[in-house]
Structure formats: structure tokens, C-alpha cells
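To start, the structure under review is shown below, and the notes come after it.
Chains as they are written, first to last, in my numbering: chain A, 19 to 919; chain B, 19 to 919.
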């Protein structure tokens, strides 16, 4: 028989998979002697078995009953007793933290009878009835599925009738009548609140299991890449009460500041309250110490002031837990009549900034090794740190200020409804989600937004925690905001902002601005720079950048790129003085005329390259020769047809013969252009006349480009600079294409070097972006000195997806339907496209020792793809300049997890 | 030292690679005791060495001199002697026959002095001077490159002056003055005719080597797929003379009729002539026997009548050679003063019809085995036999009749110039090349044409031989034709046909018709049917056909298809009553409305399938569900824009409000359609929203198709027929797509079977046409019960070529430049696309035992590709019905050359 239940005193604190994160933490803490209320954990295996069998697995209930017996022994109380009742909480706890996503029920064990026992035992009738009405409310909602509002409306009605505002001001009789009303609500749904505690427990366990598959949990897992077949553990913990008077309370504490990473206990607490009151963000919590104070609670006394002893104890526990787990902890605690209980500990979520600071500090404090520190930061966090900031030179006046809950700035349209946010973001709109407060039901809307702004809640409120985890800028508890959802606007400091209006939020300062304030991209420095230097010491993959202009190359260098993996030359032909010459070249009817036009472009290309080489002194620069189809340099058929129609109108209105002649000439010019454009038209341009196909049919184009490269290199070398040009041919599918071009272009390069009187070491290589090239990489490597995988096109052709069309037509649906795990244009498809990358790399490296192999598709900046490229034996990845820091970390993490050699 | 020279008495008659076809034949014939003039062969190795070193290889000349010495000993004559001169011919002879493509020089050894010796020795002054002027002419043309016409003009001038018509009527003095004139022509080009015979020989050998690389030889090799690095042998043969009087002659004989394959000696000869006179087609040759008579020589006496003894000897030699070589031979012979010499034997070229008959006869005569017979026919010949014939029911009157030189009928535009024929055929025009006669220089024009028509030449003329080899219909020696090249027309029986006019030729009867006469496709029967039955006994690959209609399926069955490998269902939606319903489905805004439209299509699809299943009773039928993008069923944006513009004009001219309303409604209807079409527009439709992607996003489409299949199958099964439906999903790239569809569609099929009360065994499988599908075939085979490689799309995506665009833009050039060996859409690219086929087959078969794997791209009917599919372990190929017989033979040949087991 499988064992499904573990007491906290026996469970293996390392086995989160089996016991869930919360359960493992409770076991571990119990076993190292911390003040944890007695309890036990039902395993995730039981949960999965539950789904398999469609009911509680065999033997589970017996084990639970045995464990309850032990609990009764340990606490000296009795489940359902009228004299000394044992109350328990039933808490979900998955192996990977999913905060607020699943259900919890408190005060289980209370019945019409035992509530009297509890009143007697505690000498606090008010507390007993309050606990009972809370149970009825939670159980009704979680187990029976009765809407929250039904209960709240009842309570509001009583408070209104009595003219009171806070729950705590209700009388015992109010609570008793509330319990009666709540039971009537059950009746309306044809339910009955079970008076047998075992029945309560059994139904609650089932409900927690079921909550694994509720909608918001599923969405959360999808967003966070958590598998569906893990299940949640269930923790049954004997209740301790933070709501037993002013010597009681409950709170949350981080062992270090989760916003900035400073080494300081940080948290909030509420006097005379149960745990859910803190998380829900309804009452304003007190800071636990001076350091933790916010604008909202600056005037309230701290826990350190109110309960110095318990605070000291908490400090000791925090230190002990951090040392034990060797990472920053997020601790839930309750004080029951002056006694501190620890209800949960887990690795604390933190902002990107905090993550980096804590990792660096912990290395310097001797807690962890550098390699461990590198694993403590996610590439996404590095991305967040490079998120835009408000441009300090821009003029702007704040219209509101709230808590700076998650750093970074964002601009977007105000949207109040999460569903609407999702719909609009699918259309490409940038959204700022504005809510009174957020609940787990809003998670998809938050994910779809650029940033989050709430009127209520503290630094540990739902909105704050989730936004930090998502790396999205957020301002919470912005009390100035008066939100009028029905009329679709909010007001603040005399300004009205309607739904759809643009606002800017600064999650680093907590300030809200009307309109779109200019943002700037940050630079590397401080802790982040330090950790990325460690990444550089660790990683096996080289990191280069894709850059089309010398400015981009400069940015890439600043972010730590070790070369340019892709410089596209076509962008150099689009300048206003160049485009007409390019068009002249395309319109030319003979090689001679084409060469004439190309000669005019030559000095322009040369000067581009000179600047490029100067910027990248000492580093390799891969220049890709012309790739796109020629029609991209010409106006479209539609444009030309319109222009011709307009000219015809002009002709009709012409007054003189001379005027007519001028217009007629223009028309015939446009018609000639239209002929060329029509001739160049292709049904599938993606698979058409471009890349090396152009270079072979019109050899003069690549000739000019190679001449420009060699002349530029010669100029820079004469200045005494070291440069490493690499000439790259796009769209090779057959070795003979490359051979033909290599033979011709090395001759051109040789002649040019002779003219310049300079000997330039350069490499000649190819993109691998056509499936056939990867499959025949052994042949191609005999000619190419380097490969660069163009995984964008390779993905298009390997899947048969047109990137321009697929997304809207079916690809997004495919991801939703889980036909595809991920968008293969964002993260490389390891099984298919990746297989070609592997085949190409292996065959290529076998055929030519020292073949340089890299990747320059957008996957080069995606952490999951980087891991795959590391595993596939590539030499480097090349990505956009702003993703270089992310790639540096991802590459280091890949090496740590899968050391090469 | 490599041995470069072999006497006919020592060379290995089997080693064609080394000695060339002609040399090996001469060695073989010499060694089996046939009357062959003494001589020797210079190897093909010497030729390749010559190109490598740019001159005669070391030692060759010494060997040649030694061999010449032996020749002098054998013949008792002396090279260059004034008394008893030895004359030799220098003849090219490649390993693979390239008739007329390379050069030959006769009468070598004559000089100003030895011509006198020859005259004395033969007692025939006229003959001696005629031989000398022929040498000057050939040597001048072949070795010195002096144009033919220069010499011919001289001769014509003399003949004109003397008022004579035939060469033989020239006097000795005429010939002597012609020799003087010819020498003067040499002088004009600053050449001199060498008076040292060794010099003549040396230069001639070089010239023959060089002729390996002349333009026409290179074109011939390219067309016939002969490698360039083989080289030609050179044969030095002591001269025998067919032009020594009326007891001499020369001719060509086939051991069986090369037109029809009948077992009868067949040939032509000329009295008092040298070999080139026959081939050149200038004098009308005599038939060698009654059987060989043609319209042109019906009145001339036969060789059998003139030289009965020599004819009997020839018959004996022919029989012996056929027995020796176990195949039909093409023999060149010369009679010198009553003595028969055999100058050459080779496997005779033959028409497709003859090839089949000879192969079948030889099996029945016990000459060869069935497997050998199967190797004697090329798939192209089977294709030729299935070439169109004149529809016997059509009305038509011949405008001319010539020799039926190569069977089959063709329709095309008359073109006189081979260059023009090439240019126009590239544009897709069908051409009939019309020439007075053809020469090796016309080869590319012949290749580009549908058929050939010449005014001159016999059945063994250049035009006849080459057309037969190419399998193209040809009529030669059509003397009625008056061709006026300058004025671009020909006249016959009072009709003028101008260049560009359509004509029809019937190469089976020799008749020419004006205009386009209807053609019909033939059926299988007789010898061809017999040999294809042998092929069926031999082959390992199954042969199926691609058929979209029951009629096509019927044709496929008649041609021997063992099932349908691809029935495309989209063609069933294009009928005039169906298209509007299909459009209604596409325009529908909801699933409900789509289903409504699809329900109307269901009975139509069902009745299609019923007929299909009935036709293919007992055989498998693979039905592919809808594949093309939806916009293919709608009018184009251009059409709609035009229609709307026209409606607007109509609106402007509307006279009443009612009229206006009608037009306005029409406009808004069209605009709605335009919106849908615009929304469906894709940048790269090839990689777009089609195939299973449609089937997944709009599941109701495939639902309806599966319902129709099952209902139809049920109906046919109830009639007591055996059927084997296979349902095929197009465009699968990821196993999850197939899994999703399989789960859903097998449910639909199951429900339908339940309703019908019939249990139908069917298979569920997929096209493999996306590179990713081939790469992950192991995953896909877990879901698919069969694979069918769609090599058309697979080629597009593996190469990144859009079939619609590539041909004109760069693909044709690539083949010309030899970047690609062959058009990969015609013959499978074994290295790239083929690699995916292999990977897919291996992974698939490994993952599922008994997985059925076939191919249904156009490559399924291409012999070279069929060999590859055989080698790759596929189970069957599927091709268009008319290519089924070709595929049957090609599959058998693959098995013979690469037996499976």
C-alpha cells in the first residue's frame, strides 16, 4: 500500500515533489525545532490518484483518521468535541508555489455544538462565533461553490442595519444571527452545512484536490510552464488563532527586502486577525518594523513596538530559516495569545533587482558559491532589469502616487476589465490594467498587460506579489484613485482618466502620469554587472549580437557582446539617397547598367563598413550579403496603380499640350516601374528569388558588396586596427551554390586586396536556414568556414509556417489548444527544427575541424533555446543587443546544468 | 607506363569503358574471326590524359608508331608509300554511343606523292584523286576547322561549269583541279595540308580527342545524362573502299527491324560510295533486301539482287553477331571489289515498339531471360508507346507523306530554326521542327520539339536515328515538302504552311496534317502488356495511381494500378452546383452556419465516394481530406474589385430608386465577399492556412468528409463488395495535430458506422510533406497507420523553393549552370529531400511494425526517383494513371539491379 499521509514530524523536508512546498517546509521546520502547530500532509500522489480514480484513493481516509488521532494526542484536544474541540486548517500546497491559486479552509471542526465548546474553552464567545461564521463562509464558497458575494451581502446588511463599519465591531448576537443567515444561504442552494467534523474534513480534502484543476490554477500553470500532472499536497494543520484578541495577530515576513534585496527583515502584520486578512489586502496592515513602513502605514505602530518579544523571536527564526535554506524566505506567522507560531516558509519571491542583490550578497556573505548565485536569477529577471525607465530629462507631472510594488516603467491604455485586457493585447494594444484590487481571477488580465495599478492593497497584496513574479511594473494601494468602473474612468488630483486613455506608471517610484511619458533603456552596472561577469567566467557559449548599424553595434558592445553575429546589409540600401540608386539597379536591363548603379552604391557601403569595423575593433563581424527579394526595394503594385490613376486624372485636366506631355512621360515611367514590379511579383516570396539566388543570377551585386567590405577593411587596417571580417552568404540550399559564389567572390576579394596592397584575413561562410542545407551540412562545410543557423527561416520551412500569416490564422490557437507547447518562433522547437540544428552542427563539425557554428535567429536571445544551442555544441549565439545580458546569464546557467567536455 | 594502344587482335572486347564501344566491337569481331580490316584502338584513358595535360600523353606517340608498323606488316602496305600506300581512317568511339557527335577522318596517309602510288596500285586514277580530295576536305574541316561550305562551293562551281550533277561524273582532271583549289582554300586560312602522313595522323588523333568537347557533343551528353569525364577512344583502321567501282559499296544493316522489331535483316546501301555518303542522307540509298524497301527506293534494285553472295555473307555475319552479343546489332559494312568488310557493330538503336517486341521475342527464342528483357527497355520507351496517336474517328486529310521514321503523333507550331524552337519551348510552346534535313548541330532544337519533319534523308538518316532515340514522333524524307526558309513557309499539295502555323504529324504512318488533329491516348496490349506482366512478377514496390475522379480511377486500373494512392477531395468541390455551397460555408460566421452548408455538400461527396469505391473494388483507396487554402474557392481580389467598379457604374446610371436598391444590395454583397477574401489573403499561401490546419480550426469540414466516406463505404459494402478505404490527413507537421484529428474523427467514424449498422475496416494515416513530419516520423507513426510522402511540397520546403515562382526566376538557370543536376521537382533530390524520405521511412517503420509507406508526389512516376524509393524501402509509389506502366517497369528494373530481401 502506498503511504499517502505524513506527520510533520516524519515527512522528508527535502521532498517537495511528494509533500508540496508548504508541506515540506512545515516538516522541515517542525524537525529543526521551530514553533510549528502540529499537523500532517497528504501527498501529491494522493491528489493525482484522486483524479485517476475519480475519488479519494483507497486507504487514504484510514490514514487521515489515524493522523487525526495523533493530532488529538499531541494537542490534547478532540475533533468535534463540545468541551475542548480540535480545529484544523486544510491548506493546498503544490510542489511549485502557486500563490493564491488554490483553496484553503480554516477553522474546520466547528459545529453547532463545538462552537459552544470553543467559546467556553477560550472564554471568548465572540471569537468562537466569528470563527464559526468564517468557517461557514469559506466552506460554503470553497466546498459548495456558493458565491462569495452571497455571504458578504448578508454581513453588509447587518453592519448597515447596526450602523457599524468594521467586522470587529459586530456583537456576539450579530454573529449568531449571521450564522443563521449563512445556513439559510446554504439552504437556498439546497445544501446543508455538515455537522459531522469528519464529513467537513473529507469534503474539504476533496475540494482542495479539485482546486488543482480550477480555471485560474490552470492559467497560472500555463503561463509559468508548470506541468499539469503534478498535483497538490493537502496540509492539515491544527489551528492557531491570530484573532483571539490584542495579544494575537498574524503576518508575513521576508528575511530580506523583496523589493530591493537589502538584508533586512521586511513584512506586515495585523493585530487580532486571521491569515487571510493580510493577503486579501482589506485592512491596512502594520509594518513589522520601522524599515518596512510605507506611506499607508507610516503612522501605525510596528510589531517591533507592540510585541517586542515576539518580534525578537521572529528575527531569530528568520535568521535560522535563511541559514537553513540558504536563500531568502517568505514566512507566514501567527501570534496566539502572545505565542509565535510559524505557519509556512518558502523561498521568497522577489523583484529582479532584489534577486540580483541577494544573489551577489549571499556570495559575498559566504552563503553560496558563484555558480549557485547564477542559478538564483532567471534570465527574465535580467530582462526586467533592462526594462525601460522614465526618461529623467522628460517633463512630467504625477497625477497620483501609490506603493512602488514592482519596478520599471510602462506606458499603456487604461483598461479596467481583465477580459478586455486580454482581448486588446491580442490585437497588439499595450495595456495598463487598473483595478480597485486584484484577485487570483485577474491573473490572465495581468499577464496580458504592460503594468498594473491598484487603488488598494499593500506590498504583499496579491497584485504586488504577482506583478513582481511576472516582472511587470506595478503600483498598488494608490489610495488617491477614485475608480468609477461603471462610468469607465478614474479620477485623481482633479484629473479624469477614461478607459482607453494612455497613462504611464513608474513602478520604481510609485508615480502615475497622464499620457505617454518617454522611456529610456537602462545600462549595465552594479550587482548586475558583477553577476554577468561571473556568467562570462562560467559559460561555454560565446555571445554575439545582431546589429545593422554602428550605433547598434556600440550598444551591443556595452552590453557585453563579443562580436557581431549578423550585420544585415540590406538595411543600408533603404536610406533616402540610396533607395533611388538601388531602384535604378533593379530597373537596369543589362549587366552593364546594373554595374553602373552598383558603382554608385559602393562608396556608401564602404563607409558603412568602415564605421562598423572601427566600432567592433578586435572582435569578429559577420556581414551578410544582400538577402531580401528585390521587390522590397520598389513600391507595391497597389501604390503604383493608384499613382497611375491619379496621373490619368491629371492628364484629363491638363490645359496645354506641354502639360500633357509632362504627365504622359510620368505615366510611362510609372508603367515601366509597374512592369518590373509585376515581373518580380511572387506567389510565395518567402520561398522565392532572394538570398544567394539573387547573388548567383546577378553576380555583380555581391561583387560590389565584397569590394566594399575589402576596401573598408583595408582602410581600417591601415589605421592599425585589428579586425576580423566574416563574409556570410544567405539562403544556401545546395553546396554548389556556395561553391560557385566562393570561387567568384574570393577572386574579387583577392583582386581588391591586391589593389589596396593589404592582406586581409577574412572568413567565408554561410547561413544554414534551409532544411536542405542542414541535412547536407557535411557537403557545405567543405566549402564554408563558418555556419550561422538562421532559425527564423529554418523554423518557417521546417514547419511549413509562414511567419507573416500563421500567427493570426492558426498558430495562436495551436498554442492555446496545446497542439504546440510554445510558439516555435519564440522558443526553438527542439524535436524538429532543433533536430536539424543538431544534424547540421554534427555533420558540419565532422567535415571541417574548427568549423565555427553559431545561431543568429531570434532564438539566439531566448533562454530555453540558448540551453538547447549549448547542448547542441554550438560555438556562440547572436541576439539583439538588448538581449545580450540575458543570453550571457542563460549561457552560464546552461553550462552549470549541463557542463560541456 | 600505362598502355594506351591496343591492336584489334589483342583488345578486350568487353572493355567498352577503355576502348569505347566501336573499338571494343572491332576487337571482339576481329577475335571471333569476322572480316574486319586490321587496325588498333587508342584508349579513352589517353583521351582524358590529353585533356589533363593539354597535349598527347607521354609515350602515346611511340605506341601509335609501333602499332602502325604492325599494321604495315599485316597489310603489306606502307604508310605514305608512293608505291603501295597504307591508308587509314581515324574514328572516334566513346564508351556510350553518341552517333554523329564526334569526328572521323578517312583516307589518311594520302599525300601529293602517295596519291600517285594509290592510283597505280589500284589502277584507278579517278578513285585515287577522289579519295585525296575527300581527305583534304575532311581533314580541312575536322582538323583545321575550315567551314564545310568553302569546299562544297568549289565543287559546286566545277560541277556547274561542267554541267554535271553527280560527283561520280567528274573527270580525273576535275578532281585534280579540285585538289589544287582545296589547297588554295587551306592557304586562305594560312594553313597548309601536311605532306607527312605521320603529321596527318598526329593532328587527326588530337582533333578526334578535341571533338569530345565540341558544343554538340556536350549538349548530347547533357540531354542523355552521359558524364563529361569519360572521354572518347580513337580507332585507327586500315582503309577499305566502297568507292572502288560498281563491285564496291557501303551500307548499314540492322539484324532486326529497328522500327517494328520484326526478326528480319533491315538496312540500306550505296554502290560505289564511302560510309559517310549513307549516313549523310545525300544520295538515296538502295534497300538491302525487299523487306527494307521504302517509298523512296522501291524502284531501285536491292543489295540482295545486285550482290547476292555478299548479301548472304552479311546475313551470316548478322546472325553470328546477334547470337554473340545477344541483342539486335547495327552493323556498318563495306564491300571492296566484291569483298565484305565489317567496319563496326553496336547494339542497334530502336523504336520503343521494336525494343519491346525484340525483348519479348528474344525471351521466347531463348536468347535471354525475362529479367534481362526487362532491362532492355527503358521506362522512357514505355512512355513513348503510350504517346498519343491520331484519333481514328477524327476527320483529317493529309497534306504530305514521308517516311514513318519514329512512331507516335504530335501537334505543334511549325518552326524552321532550332534556336527558335528552343526559345519558344522554354515559353511552353509546342513545336514541330521542320528542316530540309537535320545535322548534329540541330540536336538541341530536336530535343525542344514535340516532333520532327524533314524533307530529305532516309530511315537511317540523322533525323530518323536521333528522333527514335529521343522517342519523338518523326517523319523524314518527305520529298513533297518545298521548304522556303527565307520566306518562312513550306508548301505541299497546294497548301502553304507558314512558320507558327499548327500542324500534326503521324510518325507511325508518315502523314502530315494541317492544323491540330485530335489525339488519343493508347491502351496496353500485346508485347507491352506481356513485358509489364513480367515486371509485375519481378518488382518489390507496389504501384498505385493518383486519381481524383472515378474515370481516372478506371484508367488507372486499366494500366495496372493496384490501388489509389491519392484521391484529392478538393476537386469534388469545384463543380458548378457545389462551388456556391462551398462559398456559403466559407462565408459563414459561425460553426452552426458552416455545418448547415456542409450538410448540403455531404450527399454529393458521398455519391463521389460510392462510385470511387465501386470502381476500385478489391483495392485500397487513399482519400485525402481537404487540403488547399479556402481562398482557392473564392474569386480573386482583382476580380471582385473589378466587379464592384462595374456595379458602381451601373449605380450611377440607375434610373429608379428600385433599380438603385438592387444594385446597392449587389455591391454590399460583393463587398462582404471582398472582406472575406482579403482576410484570407496570405503572403505565402504555400506555407499558410491549409491542410490539417483548416481541419483543426474548423473541425466540421473534416467531420463532413469522414461522414461521407463512411456512409459511402457502408453503401458499397452492403452491395457485397470488398473495399479498403484509407483516410489521409494532409500537411501534418506535429504529431499533436494528427492526434487531435484522429481522436475526433475516429469518434465521428464510429458514430457513423453505428448509424449505418456496418463495421468498416479502414486505415487512418497522414501525408509526410513537411520536413518536420519526416524528422519526427517516429512520433507520428505512433498515431498514423500509414504514411504517404508528398514529395512535391516536401521538395518546396526542403529547398525553400516556391514551385510557382522558382522555375522562371532561377531554377532553370541553376540546372543550366549545373548548380543542380536535375530539376528537383521532376527527379527527387536524393541527398536532401531523399534524405528526409529515408529518415521518415526508417523512423516510421521502426516505431510501428507494418506501417504502410508510399509516395504520392509527382516523383512517383519518375524512373530515377522510383529507383530511390525502392532503395529507401517504401512499400509503393503512386503516380498519374498514364505513368503507371512506366512505374511498373521502373520498379522491376530497380528490383533487378538492387534486389530487396
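For every residue, glycine included, the Cβ atom is placed at its ideal position computed from N, Cα and C.
Inset, instruction - Whole angstroms is fine: what's the gap from residue 461 of chain A's alpha carbon to residue 238 of chain A's? - result: In the first chain, residue 461 of chain A corresponds to position 443, counting from 1. In the first chain, residue 238 of chain A corresponds to position 220, counting from 1. Take the alpha-carbon of residue 461 of chain A and the one of residue 238 of chain A: they are about 7 Å apart.
Legend entry - Residue from A/372, A/384 and A/412 whose Cα sits closest to the Cα of residue 395 of chain A: Mapped onto the first chain, residue 395 of chain A falls at position 377. That would be A/372, whose Cα lies nearest to the Cα of residue 395 of chain A.
Inset, instruction - Check each residue of the stretch 800–830 of chain A: if its Cβ is closer than 7 Å to any Cβ of chain B, include it; give the result in chain order. - result: Cβ proximity to chain B below 7 Å picks out 814, 815, 816, 817, 818, 819, 820, 822, 823, 827 and 828 from the stretch 800–830 of chain A.
Inset, instruction - Starting from the Cα of residue 342 of chain B, find the closest Cα among B/684, B/746 and B/50 and give me that residue. - result: As a first step, residue 342 of chain B is located in the second chain; it is residue number 324 there, counting from the start. Of the candidates B/684, B/746 and B/50, the one whose C-alpha sits nearest the C-alpha of residue 342 of chain B is B/50.
Inset, instruction - Locate the alpha helix (DSSP H) running through residue 642 of chain B, then write down its first and last residues. - result: Taking the second chain and counting its residues from 1, the one referred to as residue 642 of chain B is at position 624. Under the DSSP assignment, residue 642 of chain B falls outside any alpha helix (DSSP H), being part of the beta strand (DSSP E) whose first and last residues are 638–642.
Inset, instruction - Please say whether residue 154 of chain A and residue 172 of chain A have beta carbons closer to each other than 8 Å? - result: Taking the first residue of the first chain as position 1, residue 172 of chain A is located at position 154. Taking the first residue of the first chain as position 1, residue 154 of chain A is located at position 136. With a cutoff of 8 Å on beta-carbon distance, residue 172 of chain A and residue 154 of chain A are scored as not near each other.
Legend entry - Start-end ranges of the beta strand (DSSP E) lying completely within the stretch 269–322 of chain A, minimum 3 residues: Taken in chain order, the whole beta strand (DSSP E) runs of length 3 or more contained in the stretch 269–322 of chain A are 284–289.
Legend entry - Within-8 Å CB hit, residue 853 of chain B to chain A: Working through the second chain from its first residue, we reach residue 853 of chain B at position 835. Yes, contact with chain A.
Inset, instruction - Using a Cβ cut-off of 8 Å (strictly closer), state whether residue 640 of chain B contacts chain A. - result: Locating residue 640 of chain B in the second chain gives position 622, counting from the first residue. Chain A contact via Cβ: absent.
Legend entry - Bridge partner(s) assigned by DSSP for residue 531 of chain A: Position 513 of the first chain, counted from the start, is the residue given in the question as residue 531 of chain A. In the DSSP assignment, residue 531 of chain A forms a beta bridge with A/416 and A/522.
Legend entry - Delimiting residues of the beta strand (DSSP E) encompassing residue 858 of chain B: Your numbering for residue 858 of chain B matches position 840 in the second chain. From DSSP, residue 858 of chain B is part of no beta strand (DSSP E) but of the alpha helix (DSSP H) over 851–865.
Inset, instruction - Could you list the residues in the stretch 748–764 of chain A with a C-beta less than 8 Å from some C-beta on chain B, going in chain order? - result: Cβ contacts with chain B come from 749, 751, 752, 754, 755 and 758.
Inset, instruction - Classify residue 98 of chain B as buried or exposed, calling it buried when 16 or more other Cβ atoms lie within 10 Å of its own Cβ. - result: Position 80 of the second chain, counting from 1, holds the residue named residue 98 of chain B. Around the beta-carbon of residue 98 of chain B, 16 or more other beta-carbon atoms lie within 10 Å, marking it buried.
Inset, instruction - Would you kindly work out how many angstroms separate the C-alpha atoms of residue 744 of chain A and residue 877 of chain A, rounded to a whole number? - result: On the first chain, position 726 is the one that residue 744 of chain A refers to. On the first chain, position 859 is the one that residue 877 of chain A refers to. Using only the alpha carbons, I get a separation of about 21 Å.
Legend entry - Where residue 191 of chain A falls, given that 16 or more other Cβ within 10 Å makes a residue buried: Your numbering for residue 191 of chain A matches position 173 in the first chain. By the neighbour-count criterion, in which a residue is buried when 16 or more other Cβ atoms sit within 10 angstroms of its Cβ, residue 191 of chain A is exposed.
Inset, instruction - Give the interface partners of residue 659 of chain A over in chain B, defined as CB-CB distance under 9 Å, in chain order. - result: Here the question's residue 659 of chain A lines up with position 641 in the first chain. Residues of chain B passing the Cβ test: none, with the nearest at roughly 10 Å.
Inset, instruction - Taking the CB atoms as reference points, tell me whether residue 538 of chain A and residue 450 of chain A lie closer together than 8 Å. - result: Reading the first chain from its first residue, position 520 is the one you call residue 538 of chain A. Reading the first chain from its first residue, position 432 is the one you call residue 450 of chain A. No; because the gap between Cβ atoms is not below 8 Å, this pair is not in contact.
Legend entry - Distance between residue 313 of chain B and residue 231 of chain B (C-alpha atoms, nearest Å): Position 213 of the second chain, counting from 1, holds the residue named residue 231 of chain B. Position 295 of the second chain, counting from 1, holds the residue named residue 313 of chain B. Rounded to the nearest angstrom, the two C-alpha atoms are 38 Å apart.
Legend entry - Three-state secondary structure assigned by DSSP to residue 242 of chain A: Within the first chain, residue 242 of chain A is the residue found at index 224, counting from 1. In this structure, residue 242 of chain A counts as helix in the three-state DSSP scheme.
Legend entry - For residue 282 of chain A and residue 525 of chain A, the rounded distance between their alpha carbons: Within the first chain, residue 525 of chain A is the residue found at index 507, counting from 1. Within the first chain, residue 282 of chain A is the residue found at index 264, counting from 1. Near 21 Å, if we compare the C-alpha coordinates of residue 282 of chain A and residue 525 of chain A.
Legend entry - Beta-carbon spacing of residue 639 of chain A, residue 630 of chain A below 8 Å: Against the first chain, residue 639 of chain A aligns to sequence position 621. Against the first chain, residue 630 of chain A aligns to sequence position 612. Taking the C-beta atoms as reference points, residue 630 of chain A is found nearer than 8 Å to residue 639 of chain A.
Inset, instruction - Evaluate residue 944 of chain A with the Cβ neighbour count: other Cβ atoms within 10 Å of its Cβ, from every protein chain shown; 16 or more gives buried, anything less gives exposed. - result: Nothing in the structure corresponds to residue 944 of chain A, since chain A is present only between 19 and 919.
Inset, instruction - May I ask which residues mark the beginning and end of the beta strand (DSSP E) holding residue 783 of chain A? - result: To locate residue 783 of chain A, count along the first chain from 1; it is residue 765. 781–786 is the extent of the beta strand (DSSP E) around residue 783 of chain A.
Legend entry - Residue range of the unbroken alpha helix (DSSP H) whose run includes residue 767 of chain A: By one-based count along the first chain, residue 767 of chain A stands at place 749. Note, residue 767 of chain A: alpha helix (DSSP H), 753–774.
Legend entry - Own chain residues within Cβ distance below 7 Å of residue 820 of chain B, not counting five before or after: On the second chain, position 802 is the one that residue 820 of chain B refers to. Within the same chain, residue 820 of chain B has close Cβ partners 704 and 814.
Legend entry - DSSP three-state assignment for residue 259 of chain A, whether helix, strand or coil: The sequence position of residue 259 of chain A within the first chain is 241, counting from 1. Assigned with DSSP and collapsed to three states, residue 259 of chain A falls in coil, not helix or strand.
Inset, instruction - Note down, in chain order, every chain A residue with its Cβ under 9 Å from the Cβ of residue 704 of chain B. - result: Locating residue 704 of chain B in the second chain gives position 686, counting from the first residue. Chain-order list of chain A residues neighbouring residue 704 of chain B: 701, 702, 704, 705, 818 and 820, by C-beta distance under 9 Å.
Legend entry - Residue of A/21, A/647, A/415 and A/664 minimising C-alpha distance to residue 81 of chain A: For the purposes of this step, residue 81 of chain A is taken as residue 63 along the first chain, with counting starting at 1. Selection A/21, A/647, A/415 and A/664 evaluated against residue 81 of chain A yields A/21 as nearest (Cα-Cα).
Legend entry - Inter-residue spacing [alpha-carbon to alpha-carbon] between residue 732 of chain B and residue 912 of chain A: Walking along the second chain from the start, residue 732 of chain B turns up at place 714. Walking along the first chain from the start, residue 912 of chain A turns up at place 894. When rounded, the distance between both Cα atoms is 58 Å.
Inset, instruction - With distances taken Cα to Cα, identify the nearest neighbour of residue 654 of chain B among B/765, B/851, B/601 and B/801. - result: Here residue 654 of chain B refers to the residue found at position 636 of the second chain. For the options B/765, B/851, B/601 and B/801, the alpha carbon positioned closest to that of residue 654 of chain B is the one of B/601.
Legend entry - Best match in B/806, B/893 and B/802 for proximity to residue 866 of chain B [C-alpha to C-alpha]: Taking the first residue of the second chain as 1, we reach residue 866 of chain B at position 848. Distance from the Cα of residue 866 of chain B is smallest, within the candidate group B/806, B/893 and B/802, for B/802.
Inset, instruction - Might you give, ordered along the chain, the residues of its own chain that have their beta carbon closer than 7 Å to the beta carbon of residue 333 of chain A, omitting 5 neighbours on each side? - result: Position 315 of the first chain, counted from the start, is the residue given in the question as residue 333 of chain A. Contacts found: 283.
Inset, instruction - Would you tell me roughly how many angstroms separate the C-alpha atoms of residue 698 of chain B and residue 649 of chain B, rounded to the nearest one? - result: By 1-based counting over the second chain, the position of residue 698 of chain B is 680. By 1-based counting over the second chain, the position of residue 649 of chain B is 631. Their Cα atoms are separated by approximately 6 Å.
Legend entry - Exposure of residue 157 of chain A, with buried meaning 16 or more beta-carbon neighbours within 10 Å: The residue labelled residue 157 of chain A in the question sits at position 139 within the first chain. Under this definition residue 157 of chain A is a buried residue.
Legend entry - DSSP-derived helix/strand/coil call for residue 207 of chain A: Position 189 of the first chain, counted from the start, is the residue given in the question as residue 207 of chain A. Correct three-state label for residue 207 of chain A: coil.
Inset, instruction - State the CB to CB distance for the pair residue 495 of chain A and residue 474 of chain A, rounded to an integer number of angstroms; the pair is presumed to be in contact (CB under 8 Å). - result: Counted from its first residue, the first chain places residue 495 of chain A at position 477. Counted from its first residue, the first chain places residue 474 of chain A at position 456. Confirmed, Cβ separation roughly 6 Å.
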